[in-house]
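Following: one structure in structure tokens, then a few remarks.
2 protein chains.
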Amino acid sequence: MDTGGSDGQKEKISPKRPTIYDLAELAGTSPSAVSSVLNGTWKKRRISEKLAKRISKIAEEQGYAVNIQASVLRRVRSNIIGMIMPKYDNRYFGAIAEQFEALARARGLFPVITCTQREPELEFEAARELVSYQVDCLISTGATDPDRISEFCAAAGVRSINLDLPGSKAPSVVSDNFAGARDLTRLLLQRFAAPAAEGQPLLFIGGRGSDHNTAERIRGFEAAHAEFGIPLPPENILPCGYAAQKAEDALDAFPSSLPAGLFVNSTITLEGVIRWQARNPSRAFEFGCFDWDPFAALLPGNVGMVQQDVAGMLAKVFELTATEASPDLNVEIPCIIKRLGGQG
Amino acid sequence: MDTGGSDGQKEKISPKRPTIYDLAELAGTSPSAVSSVLNGTWKKRRISEKLAKRISKIAEEQGYAVNIQASVLRRVRSNIIGMIMPKYDNRYFGAIAEQFEALARARGLFPVITCTQREPELEFEAARELVSYQVDCLISTGATDPDRISEFCAAAGVRSINLDLPGSKAPSVVSDNFAGARDLTRLLLQRFAAPAAEGQPLLFIGGRGSDHNTAERIRGFEAAHAEFGIPLPPENILPCGYAAQKAEDALDAFPSSLPAGLFVNSTITLEGVIRWQARNPSRAFEFGCFDWDPFAALLPGNVGMVQQDVAGMLAKVFELTATEASPDLNVEIPCIIKRLGGQG
DNA sequence: CACGTTTGCTCAATCGATGGAGCATGATTG
DNA sequence: CAATCATGCTCCATCGATTGAGCAAACGTG
Numbered sequence: 037m038d039t040g041g042s043d044g045q046k047e048k049i050s051p052k053r054p055t056i057y058d059l060a061e062l063a064g065t066s067p068s069a070v071s072s073v074l075n076g077t078w079k080k081r082r083i084s085e086k087l088a089k090r091i092s093k094i095a096e097e098q099g100y101a102v103n104i105q106a107s108v109l110r111r112v113r114s115n116i117i118g119m120i121m122p123k124y125d126n127r128y129f130g131a132i133a134e135q136f137e138a139l140a141r142a143r144g145l146f147p148v149i150t151c152t153q154r155e156p157e158l159e160f161e162a163a164r165e166l167v168s169y170q171v172d173c174l175i176s177t178g179a180t181d182p183d184r185i186s187e188f189c190a191a192a193g194v195r196s197i198n199l200d201l202p203g204s205k206a207p208s209v210v211s212d213n214f215a216g217a218r219d220l221t222r223l224l225l226q227r228f229a230a231p232a233a234e235g236q237p238l239l240f241i242g243g244r245g246s247d248h249n250t251a252e253r254i255r256g257f258e259a260a261h262a263e264f265g266i267p268l269p270p271e272n273i274l275p276c277g278y279a280a281q282k283a284e285d286a287l288d289a290f291p292s293s294l295p296a297g298l299f300v301n302s303t304i305t306l307e308g309v310i311r312w313q314a315r316n317p318s319r320a321f322e323f324g325c326f327d328w329d330p331f332a333a334l335l336p337g338n339v340g341m342v343q344q345d346v347a348g349m350l351a352k353v354f355e356l357t358a359t360e361a362s363p364d365l366n367v368e369i370p371c372i373i374k375r376l377g378g379q380g
Numbered sequence: 037m038d039t040g041g042s043d044g045q046k047e048k049i050s051p052k053r054p055t056i057y058d059l060a061e062l063a064g065t066s067p068s069a070v071s072s073v074l075n076g077t078w079k080k081r082r083i084s085e086k087l088a089k090r091i092s093k094i095a096e097e098q099g100y101a102v103n104i105q106a107s108v109l110r111r112v113r114s115n116i117i118g119m120i121m122p123k124y125d126n127r128y129f130g131a132i133a134e135q136f137e138a139l140a141r142a143r144g145l146f147p148v149i150t151c152t153q154r155e156p157e158l159e160f161e162a163a164r165e166l167v168s169y170q171v172d173c174l175i176s177t178g179a180t181d182p183d184r185i186s187e188f189c190a191a192a193g194v195r196s197i198n199l200d201l202p203g204s205k206a207p208s209v210v211s212d213n214f215a216g217a218r219d220l221t222r223l224l225l226q227r228f229a230a231p232a233a234e235g236q237p238l239l240f241i242g243g244r245g246s247d248h249n250t251a252e253r254i255r256g257f258e259a260a261h262a263e264f265g266i267p268l269p270p271e272n273i274l275p276c277g278y279a280a281q282k283a284e285d286a287l288d289a290f291p292s293s294l295p296a297g298l299f300v301n302s303t304i305t306l307e308g309v310i311r312w313q314a315r316n317p318s319r320a321f322e323f324g325c326f327d328w329d330p331f332a333a334l335l336p337g338n339v340g341m342v343q344q345d346v347a348g349m350l351a352k353v354f355e356l357t358a359t360e361a362s363p364d365l366n367v368e369i370p371c372i373i374k375r376l377g378g379q380g
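Line by line, the protein sequences give chains A and B.
When you number the first sequence by the numbering used here, it's gap-free, plus one each residue, and the end is 380.
When you number the second sequence by the numbering used here, it's gap-free, plus one each residue, and the end is 380.
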């Protein structure tokens, strides 16, 4: 009864996705045989190569795709690895997302990333959701409250690892923020070692004083000033938040005249700084930035950028997923410092 | 017997996640009651408010999180929405990812994004994987072969939508590349309408000649030249690929002297152009770029950028997920043109 | 007080894949 | 030729949540 409009020749006309039961019927065999052929355990289960080939062919023809929900439900491990990430709007997080996916796939894991907008409640909800998805392991990137997530994961029997921001209830992998900030501050201070600006302190801008990374970077910033014997007044440290607008407002509100050198704590903060500079072209300054961006690297006045070693951090993270590491473990990965042209 | 190290008081000591069966036992009720309370159907199923509260309390105490695999397996719709995305390394794709997640969540859907590195095979594999995850709908962003994916989805009974690059087998939402490119070209040509450069054609660089968006942009580029009555030699169109290195190489190989104005087809191409410029400081030019980046907007010589209306495109995409749109539908969303300072 | 109706819950089949246990064959050995 | 073993499969319980069907008790009505 070819009443026209039949599509394809070998395809079943069924609108639903074929299951192993459908394939078993088509192949005149049992669902278990089909299952074992399609998941690669057929040799162990002593299925003949002949049958395996026949089943594979039919599966191909039917456009079969395993139902992962059913598969995961039955299996002990899900092979799903989850990551929560605050934002996608800069190169650092973009690189983490991309490389995380690639590394997970290379290990036969299915990566699921979810973006939490730096909102603590969304973060926790996302963690709960990923646990609902039966992730074998959850990576919390830049979480505001990593310990809450780690505790929840521990209770659910899910391994967790902190990335970028450390916590005390799960192993952590972070950049060596202290050394990176110290080196960048040194670079800036060297620029001003000679002429008029000699001995003047820099201005630190951006980030949250309460967050570990910002605190560490401030520590490095202070250490370099101490090395150079330059006194650092407390008002020169402005952890005004990450958003670009916050930085603009903070610079507007800065009481005295601006220092000749700025330590900018993130690329997003740098956006605000540069916008402020555009509004105040008379106030010349040079800057360095903790974080890397290819276009920001080309901005005039940029003396240097600190690039975090994403590949190194993720390699360590995946190493930790495979071992039973202590929650106290805190791995610090050195940053890469990019010396730039500055004024020239 | 407080032998130290016991954790919590009400928490079960069980290392496994509690199921509705565990909760039912603790509450002295049936799994069905627990299920209906936790998924919100308890009123319809005439469970008393008293029992509902008791169950909710116990679930809370036990840190219960539903097993989505089991839930989806049983349900007709999964409420999972998938997206494949070529890269995360620029603001455009970052914005798409972020807003896609936010919009999906706002609709009670679970978003899963996967990054395919512009590799056709990875793209198809990712699509198959997402179908395995029972996505209700799959969005292909910037796919090199969207029709292959659409066909696979159709066979699996999964709705699909193309974003950014159009296809013929599923409804598509793309930027109005022609108009955007024409407007940007006009902007550039106006810059050169007066002095020495008058009547000189621009150079188009970046993208793939085979891809729809690049073709449309070239069409807009040509249309603006025609409007201005400026002849455009074919060698002034260089769709050398997207990668930064390709652009550098193409500029190195450019036979005659470089035009005074460049139409750069993406921010990633612009990276190569700017690196080339740094190597060849004597060759001055101005440029416009199809795509937006906050730091690139601040580069000297940047005359204007075309920002794609991500919010507008995604709003349309979600509108389409809710309706049964024709595969021939091709929605074009106007771009936002950002006029910049240029040389000044 | 017999009979319908509402309330509040439980039973059990089901979704699709998995894998331990087991059952026919046919081949090998003493 | 019986006993043993390897080969090539199939059977079926299981994972956890969902939901139509159904049951008992309480309540209402003439």
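Just so you know, even glycine gets a beta-carbon here, dropped at the ideal spot from N, CA and C.
Bear in mind that the values here come from a model prediction, so they are computed numbers and not experimental data.
If you draw a straight line from the C-alpha of A/Val346 to the C-alpha of A/Ile132, how long is it?
Approximately 6 Å, taken between the alpha carbons.
Can B/Trp312 and B/Arg127 be called in contact, C-beta distance under 9 Å?
No; because the gap between Cβ atoms is not below 9 Å, this pair is not in contact.
Anything in chain A within Cβ reach of B/Thr150, meaning under 8 Å, just list it in chain order.
Here the neighbours are Glu137 and Pro147.
Look up A/Pro270 in the DSSP assignment and say whether it is helix, strand or coil.
Three-state result, A/Pro270: helix.
With 7 Å as the limit, tell me which residues of the region 328–339 of chain A have their beta carbon closer than that to any beta carbon of chain B; keep them in chain order.
Those residues of the region 328–339 of chain A that come within reach of chain B (Cβ to Cβ, closer than 7 Å) are Asp329, Pro330, Phe331, Ala332, Leu334 and Leu335.
Listed from N- to C-terminal order along the chain, which residues in the region 176–197 of chain B have their beta-carbon within a distance smaller than 7 Å of any beta-carbon of chain A?
Residues Phe188, Ala191, Ala192 and Gly193.
Thinking just about the alpha-carbon of each residue, which of A/Leu74, A/Arg81, A/Ala106 and A/Pro207 is nearest to the one in A/Lys93?
Among A/Leu74, A/Arg81, A/Ala106 and A/Pro207, the Cα nearest to that of A/Lys93 is on A/Leu74.
With a Cβ-Cβ cutoff of 9 Å, do A/Val148 and A/Tyr169 count as a contact?
Result yes, Cβ atoms of A/Val148 and A/Tyr169 sit closer than 9 Å.
With 16 as the cutoff for other CB atoms within 10 Å, does B/Thr359 come out buried or exposed?
B/Thr359 comes out exposed.
Can you tell me whether DSSP reads A/Gly235 as helix, strand or coil?
Three-state DSSP puts A/Gly235 in coil, outside helix and strand.
Do you know whose CA, among B/Thr152, B/Ala283, B/Arg319 and B/Thr303, lies nearest B/Pro295's CA?
Of the candidates B/Thr152, B/Ala283, B/Arg319 and B/Thr303, the one whose C-alpha sits nearest the C-alpha of B/Pro295 is B/Arg319.
Assign B/Gln226 to one of three DSSP states: helix, strand, or coil.
Looking at B/Gln226 - three-state DSSP - the assignment turns out to be helix.
Counting along the chain, where does the alpha helix (DSSP H) carrying B/Cys371 start and finish?
First-last for B/Cys371: undefined, no H or E at that position.
Would B/Asp212 be called buried (16 or more neighbouring beta carbons within 10 Å of its own) or exposed?
Answer is buried; the Cβ neighbour count reaches 16.
What does the alpha-carbon distance come out to for the pair B/Ser362 and B/Phe188?
Spanning the two alpha carbons is a distance of roughly 17 Å.
Name the residue from B/Arg141, B/Arg143, B/Ala163 and B/His248 whose alpha carbon lies nearest to the alpha carbon of B/Cys151.
That would be B/Ala163, whose Cα lies nearest to the Cα of B/Cys151.
Where A/Val112 and A/Arg141 are concerned, what is the direct C-alpha to C-alpha distance, given to the nearest angstrom?
C-alpha separation (whole angstroms): 19 Å.
What residues from chain A crowd round B/Glu134, counting only those whose CB sits closer than 9 Å?
Those within 9 Å of B/Glu134 in chain A are Lys123, Tyr124, Asp125, Cys151 and Gln153.
Per DSSP, what kind of secondary structure is B/Gln153 in: helix, strand or coil?
Coil at B/Gln153, not helix or strand.
By DSSP, does A/Arg110 sit in helix, in strand, or in coil?
If DSSP states are grouped into helix, strand and coil, A/Arg110 belongs with the helices.
In chain B, what lies closer than 8 Å to A/Val108 by C-beta?
Result: Gln105.
Please check the pair A/Ala309 and A/Phe323, which I expect to be a contact at CB under 8 Å, by giving their CB distance rounded to whole angstroms.
Reading off the sequence, residue 309 of chain A comes out as Val, not Ala. With a Cβ gap of about 7 Å, A/Val309 and A/Phe323 count as contacting.
Use the C-beta contact count for A/Tyr57: other C-beta atoms within 10 angstroms, 16 or more gives buried, fewer gives exposed.
Its Cβ having fewer than 16 others within 10 Å, A/Tyr57 is exposed.
Compute the Euclidean distance between the alpha carbons of A/Leu268 and A/Asp219, then round it to the nearest angstrom.
If I take the Cα positions, the gap works out to 17 Å.
Using a Cβ-Cβ distance under 9 Å, would A/Lys352 count as near chain B?
No, no contact with chain B.
Relative to chain B, which residues along the region 304–320 of chain A have a C-beta separation below 7 Å, given in chain order?
Flagged, chain order: Glu307 and Ile310.
Please name the residue in A/Lys80, A/Gly144 and A/Asn198 whose C-alpha comes closest to that of A/Gly178.
When each option's Cα is compared against that of A/Gly178, the closest is A/Asn198.
Would you mind stating whether A/Ala283 and A/Ile241 have Cβ atoms separated by less than 9 Å?
In this structure, A/Ile241 lies closer than 9 Å to A/Ala283 by Cβ.
I'd like the list of long-range same chain contacts for B/Thr180, defined as Cβ closer than 7 Å, with 5 residues on each side in sequence excluded.
Result list for B/Thr180: Arg154, Pro156 and Glu159, in chain order.
Using a C-beta cutoff of 9 Å, does A/Ala251 count as contacting chain B?
No, A/Ala251 does not count as interfacial toward chain B.
Would you list, in sequence order, the uninterrupted alpha helix (DSSP H) runs of no fewer than 4 residues that lie entirely inside the region 51–94 of chain B?
As far as the region 51–94 of chain B is concerned, its whole alpha helix (DSSP H) runs of at least 4 residues are 56–63 and 67–75.
Would B/Ala131 pass as an interface residue toward chain A - the criterion being a Cβ-Cβ separation below 9 Å?
Chain A, which has a Cβ nearer than 9 Å to the Cβ of B/Ala131, makes this yes.
So the alpha helix (DSSP H) A/Leu306 belongs to, where does it begin and stop?
First-last of the alpha helix (DSSP H) with A/Leu306: Thr303 to Arg315.
Tell me whether B/Asn198 sits in a helix, a strand or coil according to DSSP, three-state version.
Three-state DSSP puts B/Asn198 in a strand.
For chain A, check one thing: does any of its Cβ atoms lie closer than 9 Å to the Cβ of B/Ser168?
It does; some Cβ of chain A falls within 9 Å.
How should A/Ala101 be labelled, buried or exposed, when 16 other C-beta atoms within 10 angstroms of its C-beta is the threshold for buried?
The residue is buried, with at least 16 neighbouring Cβ atoms inside 10 Å.
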